[in-house]
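Engineer:
Residue numbers (UniProt numbering), protein chains in the order written: chain X, 1 to 270; chain D, 1 to 298.
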């Protein structure tokens with residue numbers, strides 16, 4: 001049998017300490033009174049107040065959320081379509097090229113993706129701004145979405161859909177009432193992944209954004225290059241809090257959805 | 001072929017074609033162009049109004065000069081070599097730290113596992129930039145680490161870690177650790193505990209059984225984890241530019257500076273193409289490993 005040894009306990013303790021202590025320090029120092037990030041001078045929330053008055057950060061945050069929402073939605077639609085093609089597409093002209101184009105962006109260094117998209121936008125004369133960032137983000141995140149959704153579709157029992165069509169559903173109805181509910185958890189986690197990838201991206205956004213549109217990571221990056229500041233700590237803390245709440249909620253609700261689905265499937269079999 | 005199927009295949013196909021393949025071909029083309037002080041800052045540009053003759057002039061002006069330049073200038077091949085070295089060593093350190101964690105997770109009681117998984121995945125969802133930024137405050141001369149070291153009397157002078165390669169290693173290990181832990185954990189989780197018992201019954205020592213059963217069976221996960229760290233680390237930009245110093249040479253940073261500071265688009269494009277050529281080997285090996293694992297699973 002497997003035994004949880006003291007060595008295991010030590011590795012877990014040190015491992016998680018390594019993963020979490022840097023973030024905890026970051027959060028603690030965001031409540032520091034002093035401008036000097038490294039010297040503790042008492043508890044204060046003043047940096048949060050200053051952050052909320054910093055127009056540049058607020059504007060960037062708004063652009064970032066807008067870009068992430070639109071691009072992840074486009075990416076989810078395209079990525080789900082691509083997943084269908086990968087799993088159920090059968091043979092068609094250029095299938096190898098298609099799957100190559102799905103997998104290549106996953107391993108492509110961001111600097112290259114960013115550079116190539118910028119050169120494209122310049123050669124077709126598209127002005128850089130929100131639109132170009134959205135196009136860039138939708139392109140690389142659709143590949144992640146399609147991987148997530150297709151891994152769920154591989155395990156999907158196609159006969160359920162066929163049964164629905166035998167019972168008189170049109171293909172579209174069968175898709176909407178049978179397939180979609182089953183792959184929905186994967187589609188939702190695909191959307192969330194696309195959303196966070198977009199929220200998080202610095203390199204591709206730096207290449208594809210123009211002076212009219214600055215995203216939060218670009219703003220943070222240029223501030224951080226000048227050194228550590230308590231305002232950035234405060235901003236980071238807010239982002240960490242949002243992500244943590246989001247991930248926990250999503251994982252709890254998908255877990256519930258999956259167990260409900262399993263129960264339904266068992267009931268249906270009886 | 002009906003219309004629905006055509007749309008289903010056509011829309012994502014055209015999207016990727018226009019926004020992935022075409023941009024890549026443009027990079028290839030510009031890498032063979034020459035730097036020029038103009039808008040856009042390279043020559044030749046294709047002039048469609050002159051028809052076929054225009055295309056021939058354009059085609060004749062393309063050459064491999066930039067690639068020759070890359071091999072002749074020290075900076076570039078040194079940057080490639082040092083990126084390879086940094087990525088490889090960092091991958092090794094990540095494995096060294098990640099394996100015991102994955103192993104412990106696989107040995108943990110069943111009811112702990114979902115929470116442990118969550119704890120590993122959570123940092124991955126948190127902003128990459130913020131996780132790198134967190135280390136600036138820790139590693140700087142007046143930073144958290146030096147404060148502790150000075151306070152305990154281990155060092156009398158603050159250690160210079162920030163803006164060195166050491167900081168880059170720490171940054172890579174820290175940010176990519178989940179990518180190493182998860183694939184190793186997923187192979188170890190499937191490991192049948194009775195195999196270890198069998199090995200011990202057959203006369204293996206505990207450590208012998210660990211090596212010949214656990215480590216052997218975890219190999220596909222270890223290989224996958226190593227590639228998942230090595231491939232993105234090789235082209236990394238954020239970590240070397242925030243944690244590394246002026247002496248840290250990484251090709252992602254060189255490409256960025258070539259493009260944004262020197263505005264030499266043709267050379268930046270050539271740097272990108274060579275980086276891709278270097279990456280093809282690990283990517284193909286990674287795909288093969290995945291394929292083997294999928295076949296073994298079935």
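Just so it is clear, CB atoms sit at the ideal spot from N, CA and C, and this is done for glycine as well. In this text, all values refer to a predicted model and were calculated from it rather than measured experimentally.
For residue 146/D, does the count of other Cβ atoms within 10 angstroms reach 16, so buried, or fall short, so exposed?
Structural biologist: Buried, because 16 or more other Cβ atoms sit within 10 Å of the Cβ of residue 146/D.
Engineer: Which whole-angstrom value describes the C-beta separation of residue 87/D and residue 233/D, a residue pair presumed to lie in contact below a C-beta threshold of 8 Å?
Structural biologist: Going by Cβ atoms, the distance from residue 87/D to residue 233/D rounds to 4 Å, so yes, they are a contact pair.
Engineer: Identify the continuous alpha helix (DSSP H) that holds residue 270/X and give its terminal residues.
Structural biologist: Looking at the DSSP string, residue 270/X is not in any alpha helix (DSSP H), and its letter there is neither H nor E.
Engineer: Residue 78/X and residue 136/X - do their beta-carbons sit closer together than 9 Å?
Structural biologist: Contact flag unset, no.
Engineer: Straight-line CA distance for residue 17/D to residue 114/X?
Structural biologist: Near 16 Å, if we compare the C-alpha coordinates of residue 114/X and residue 17/D.
Engineer: Checking contacts by CB at 9 Å: is residue 246/X closer than that to chain D?
Structural biologist: Yes, its Cβ sits closer than 9 Å to a Cβ of chain D.
Engineer: For residue 293/D, collect the residues of the same chain with a Cβ closer than 6 Å to its Cβ; drop the 5 residues on either side in sequence, then sort them by chain order.
Structural biologist: These residues qualify, in order along the chain: 220.
Engineer: Mind checking if residue 18/X is an interface residue toward chain D, Cβ cutoff 9 Å exclusive?
Structural biologist: So, interface residue.
Engineer: Specify whether the stretch 117-133 of chain D and the stretch 243-253 of chain X touch according to this definition: at least 3 beta carbon pairs, one from each stretch, less than 8 Å apart.
Structural biologist: Verdict: yes, contact present.
Engineer: Is residue 64/D close to chain X? Criterion is C-beta to C-beta, closer than 9 Å.
Structural biologist: No, residue 64/D lies away from the interface with chain X (no Cβ there is under 9 Å from its Cβ).
Engineer: Following the continuous alpha helix (DSSP H) through residue 262/D, name the residue where it begins and the one where it ends.
Structural biologist: Residue 262/D -> no alpha helix (DSSP H), and no H or E assigned at all.
Engineer: Quick check: is the beta carbon of residue 269/D nearer than 9 Å to any beta carbon in chain X?
Structural biologist: So, interface residue.
Engineer: Mind listing, in chain order, the continuous alpha helix (DSSP H) runs of no fewer than 4 residues lying wholly within the stretch 186-254 of chain D?
Structural biologist: Complete alpha helix (DSSP H) runs here, min 4: 193-201, 206-209, 216-234 and 238-242.
Engineer: Taking 9 Å as the threshold (beta carbon to beta carbon), is residue 304/X in contact with chain D?
Structural biologist: Residue numbering for chain X in the displayed model covers 1 to 270; residue 304/X lies beyond these limits and cannot be assessed.
Engineer: Please identify the residue among 236/X, 195/X, 112/X and 174/X whose C-alpha is closest to the C-alpha of residue 253/D.
Structural biologist: Selected option, being the one with the closest Cα: 112/X.
Engineer: Take residue 127/X and list the residues in its own chain whose beta-carbon comes closer than 7 Å to its own, dropping the five residues that flank it on each side.
Structural biologist: 210.
Engineer: I need the DSSP call for residue 1/X, collapsed to helix, strand or coil.
Structural biologist: Note that residue 1/X scores 49 on pLDDT, short of 50, meaning its location in the model is unreliable and no value can be drawn from it.
Engineer: Does any residue of chain D have a CB that is nearer than 9 Å to the CB of residue 217/X?
Structural biologist: Judged by the 9 Å Cβ criterion, residue 217/X is in contact with chain D.
Engineer: Going along the chain, which residues of its own chain have a beta-carbon closer than 6 Å to the beta-carbon of residue 144/X, five neighbours each way excluded?
Structural biologist: Once the five neighbours on either side are set aside, the close Cβ partners of residue 144/X are 193.
Engineer: Does any residue of chain D have a CB that is nearer than 9 Å to the CB of residue 1/X?
Structural biologist: Its pLDDT being 49, under 50, residue 1/X is placed unreliably by the model, and the measurement read from it follows with that caveat. Judged by the 9 Å Cβ criterion, residue 1/X is in contact with chain D.
Engineer: Restricting to Cα atoms, I'd like to know which of 275/D, 284/D and 110/D is closest to residue 109/X.
Structural biologist: If we check each option's Cα against that of residue 109/X, 275/D comes out closest.
Engineer: Report buried or exposed for residue 200/X, applying the criterion of at least 16 other Cβ atoms within 10 angstroms of its Cβ.
Structural biologist: Label assigned to residue 200/X: buried.
Engineer: Using a Cβ-Cβ distance under 9 Å, would residue 79/X count as near chain D?
Structural biologist: Output row for residue 79/X: interface = yes.
Engineer: Which full runs of the alpha helix (DSSP H) of 4+ residues lie inside the stretch 74-117 of chain X, going along the chain?
Structural biologist: As far as the stretch 74-117 of chain X is concerned, its whole alpha helix (DSSP H) runs of at least 4 residues are 95-107.
Engineer: Do residue 256/D and residue 241/D have their beta-carbon atoms positioned less than 9 Å apart in this structure?
Structural biologist: Yes; because the gap between Cβ atoms is below 9 Å, this pair is in contact.
Engineer: Distance, Cα to Cα, residue 18/X vs residue 22/D?
Structural biologist: Spanning the two alpha carbons is a distance of roughly 42 Å.
Engineer: Tell me which same chain residues have a C-beta within less than 8 Å of the C-beta of residue 169/D, skipping the five on either side of it?
Structural biologist: Within the same chain, residue 169/D has close Cβ partners 86, 89, 90 and 93.
Engineer: Could you check if residue 220/X is buried or exposed, using at least 16 other CB atoms within 10 Å of its CB as the buried criterion?
Structural biologist: That one is buried.
Engineer: Rounded to whole angstroms, what's the CA-CA distance from residue 122/D to residue 16/X? Just pull it up for me.
Structural biologist: When rounded, the distance between both Cα atoms is 11 Å.
Engineer: Taking just the CA atoms, how far does residue 262/D sit from residue 228/X?
Structural biologist: Roughly 27 Å separates the two Cα atoms.
Engineer: Which one of 251/D, 291/D, 64/D and 137/D has the shortest CA to CA distance from residue 236/D?
Structural biologist: If we check each option's Cα against that of residue 236/D, 251/D comes out closest.
Engineer: Rounded C-beta distance between residue 205/X and residue 133/X? I'm assuming under 8 Å.
Structural biologist: Contact flag correct, Cβ pair sits at about 5 Å.
Engineer: Check residue 43/D in the structure and name its three-state DSSP category.
Structural biologist: The answer is strand: DSSP assigns residue 43/D an E or B state.
Engineer: For residue 149/X and residue 183/X, which I take to be in contact (beta-carbon distance under 8 Å), what is that distance rounded to the nearest angstrom?
Structural biologist: Going by Cβ atoms, the distance from residue 149/X to residue 183/X rounds to 6 Å, so yes, they are a contact pair.
Engineer: Using 9 Å as the threshold, is the C-beta distance between residue 105/D and residue 228/D below it?
Structural biologist: No; because the gap between Cβ atoms is not below 9 Å, this pair is not in contact.
Engineer: For residue 34/X, which residues of its own chain have a beta-carbon under 6 Å away from its beta-carbon, when the five flanking residues on both sides are left out?
Structural biologist: Within the same chain, residue 34/X has close Cβ partners 41.
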